[in-house]
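To keep things clear, I will list the structure first and then write my remarks on it.
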Amino acid sequence: MPNALDNLINLGESEKERLGAIHTPSEIRRQPCLWADTAERMRERLPEIKDSMVSADRTAGGSAARSIVLSGAGSSDYVGRSVEQLLRRRLGVNVDSRPTTDVLVNPLGILIPAIPYLVVLFSRSGGSPESMGTFEVVRKVCHDARFLVITCNPEGDLARLSDRHPGEVIKVVLDPRTNDKGLAMTSSFTNMTVAGQALGFIDEPDQFKATVERMAEAGERILSDYSDVIHDLAGEPFERAVFLGSGALTGVAHEAALKLQELTDGRVITKSESFLGLRHGPEAVVDERTLVVYFVSQDSYRFKYEMDLMQELRDKSIGLRKLAVAARASSEFAGLVDECIEFDPHGRLAIPDDLRPPVDVIVGQLLGLFKSLELGLSPDNPSARGVINRVVQGVRLYSLD
1 MPNALDNLIN LGESEKERLG AIHTPSEIRR QPCLWADTAE RMRERLPEIK DSMVSADRTA
61 GGSAARSIVL SGAGSSDYVG RSVEQLLRRR LGVNVDSRPT TDVLVNPLGI LIPAIPYLVV
121 LFSRSGGSPE SMGTFEVVRK VCHDARFLVI TCNPEGDLAR LSDRHPGEVI KVVLDPRTND
181 KGLAMTSSFT NMTVAGQALG FIDEPDQFKA TVERMAEAGE RILSDYSDVI HDLAGEPFER
241 AVFLGSGALT GVAHEAALKL QELTDGRVIT KSESFLGLRH GPEAVVDERT LVVYFVSQDS
301 YRFKYEMDLM QELRDKSIGL RKLAVAARAS SEFAGLVDEC IEFDPHGRLA IPDDLRPPVD
361 VIVGQLLGLF KSLELGLSPD NPSARGVINR VVQGVRLYSL D
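So, in structure tokens, the structure goes:
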């Protein structure tokens, strides 16, 4: 049955052009069908990537696992934040997510020169100046570093690094359809996240393939069954939005907040936090004009803390509307929210929290898309003042002396 998203996609080309919605709706809609291809592209390179995760231990005559740094800027940074905890748990090595915007300006505050690193660079365009600058400063500062580039653009500067530095750089280029033409990163974000998650299954690619199939089913459920709900919610008169998550879902909260703020050209001001972190000052932004979105954990321990916060906001009567995104709706929080999006109502898909980011973030993407249209903006290029661009501009790189 047609829904608000499919109705938008099925408009005539001239009408979509008038709305400035030629690309973004379709890029959001087709995400789940691309995830299996991304997992397969990673699978093909996993043996090579696995070798790069080990550094020769010159002192002991053996080998040592490299520390992993996940790095990108903006949404590409939030890819790293969304997969960091999964990789640390499954690989049992030090994994640190640090934005290129920090590594570039303060490498010695982040990197220890004597430690061997695998630096994973995420970038949709492969043309971000900070990513190229990070590559250079890491090579200059660290004694032993290898790089994995995950990008959506085969023609970008990052993709070309493996040709110039074949012993140092491995590249994985994703399906061209992940290289969003719209300003906001949507399909690029979820597919780079799936690619990052694949590193946690380096010895179990078949298990990951099966999990990705279930993730795609969950994502499809949100797109098919909840587009109308999210469309109607976007019509509410909120001027602020707060997104909350725990663990890997905090990364989702960051990205969802960015999507809504980008696609509304800053007319909706957003905040992202952990559930517990909200009380330490950020709760001040929650008022009668605020939409609050909860990414609810399935972990019983974390859920207790989340429930306390949801109860507190209800008791304080703050927030215009409250939306829960959960694997399954629960009677425990049913009275604390206005709407609940559940992507696994029968518990059949069994997607752990730290694999949920590509699924849950679709809610933030749809909110941004529909709110952008509600405000009379063009989702494909919502920045009417030209303040933000598809590829960042204005960054000059300096030599690290």
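In this note's numbering, the protein residues as written are 1 to 401.
Where is the CB? At the ideal position from N, CA and C, for every residue including glycine.
Residues near residue i in its chain [Cβ-Cβ closer than 6 Å; skip 5 each side]
i           : result
residue 243 : 253, 256, 257, 272, 293
residue 190 : 31, 358
residue 403 : Because the chain spans 1 through 401 in this model, residue 403 falls outside it and cannot be assessed.
residue 6   : none
residue 163 : none
residue 16  : 22
residue 171 : 149, 159, 162
residue 318 : 286
residue 220 : 32
residue 361 : 252, 255, 256
residue 269 : 240
residue 329 : 340, 342
Proximity below 9 Å, CB of residue i to CB of residue j
i           : j           : result
residue 96  : residue 248 : no
residue 325 : residue 370 : no
residue 397 : residue 99  : no
residue 323 : residue 341 : yes
residue 263 : residue 382 : yes
residue 309 : residue 238 : no
residue 379 : residue 11  : no
residue 216 : residue 36  : yes
residue 374 : residue 234 : yes
residue 120 : residue 152 : no
residue 241 : residue 260 : yes
residue 208 : residue 43  : yes
residue 101 : residue 73  : yes
residue 122 : residue 167 : no
residue 372 : residue 302 : no
residue 156 : residue 127 : yes
residue 46  : residue 198 : yes
residue 355 : residue 86  : yes
Close beta carbons around residue i, own chain, < 7 Å, minus the five adjacent residues each side
i           : result
residue 34  : 175, 177, 178, 187, 191
residue 118 : 52, 53, 66, 68, 146, 148
residue 267 : 375
residue 143 : 113, 114
residue 88  : 95
residue 339 : 229, 233, 323
residue 24  : 182, 184, 186, 369, 379, 380
residue 93  : 65, 67, 68
residue 9   : 25, 26, 29
residue 205 : 43, 46
residue 332 : 307
Cβ-Cβ separation, residue j to residue i (assumed contact under 8 Å), whole Å
i           : j           : result
residue 82  : residue 193 : 5 Å
residue 344 : residue 218 : 6 Å
residue 132 : residue 158 : 7 Å
residue 124 : residue 76  : 7 Å
residue 28  : residue 365 : 5 Å
residue 297 : residue 283 : With a Cβ gap of about 19 Å, residue 297 and residue 283 do not count as contacting.
residue 367 : residue 236 : Not a contact, Cβ separation roughly 10 Å.
residue 78  : residue 200 : That pair is no contact at about 17 Å.
residue 212 : residue 39  : 5 Å
residue 184 : residue 265 : Actually they are not in contact, since the Cβ atoms of residue 184 and residue 265 sit about 11 Å apart, beyond 8 Å.
Beta-bridge partners of residue i, as assigned by DSSP
i           : result
residue 273 : 244
residue 96  : 69
residue 321 : 291
residue 340 : 324
residue 55  : 64
residue 117 : 67, 145
Within-9 Å CB hit, residue i to chain D
i           : result
residue 371 : Chain labels in this structure do not include chain D; a single protein chain is all it has.
Distance cut-off 8 Å: residue i Cβ against heavy atoms of the ligand FMN
i          : result
residue 24 : Absence of the ligand FMN is noted for the structure shown, with no ligands found whatsoever.
Residues near residue i in its chain [Cβ-Cβ closer than 8 Å; skip 5 each side]
i           : result
residue 108 : 141
residue 137 : 103, 104, 107, 400
residue 335 : 314
residue 60  : Caution is warranted here: a pLDDT of 45 is assigned to residue 60, below 50, making its placement in the model unreliable, and the coordinate value is therefore given only provisionally. Excluding positions up to five away in sequence, the list is empty.
residue 363 : 222, 226, 230, 256, 293, 323, 325, 341
residue 2   : 10
* Asked: In chain order, which alpha helix (DSSP H) runs of at least 4 residues are fully inside the stretch 167 to 224?
  -> 187 to 198
* beta strand (DSSP E) runs contained entirely in the stretch 123 to 152, provided each spans 3 or more residues -> 145 to 151
* Contained alpha helix (DSSP H) runs [length at least 4] in the stretch 6 to 33, N- to C-terminal order -> 13 to 19, 24 to 29
* If you scan the stretch 337 to 386 from start to end, which runs of the alpha helix (DSSP H) of 4 or more residues do you find wholly inside it? -> 357 to 374
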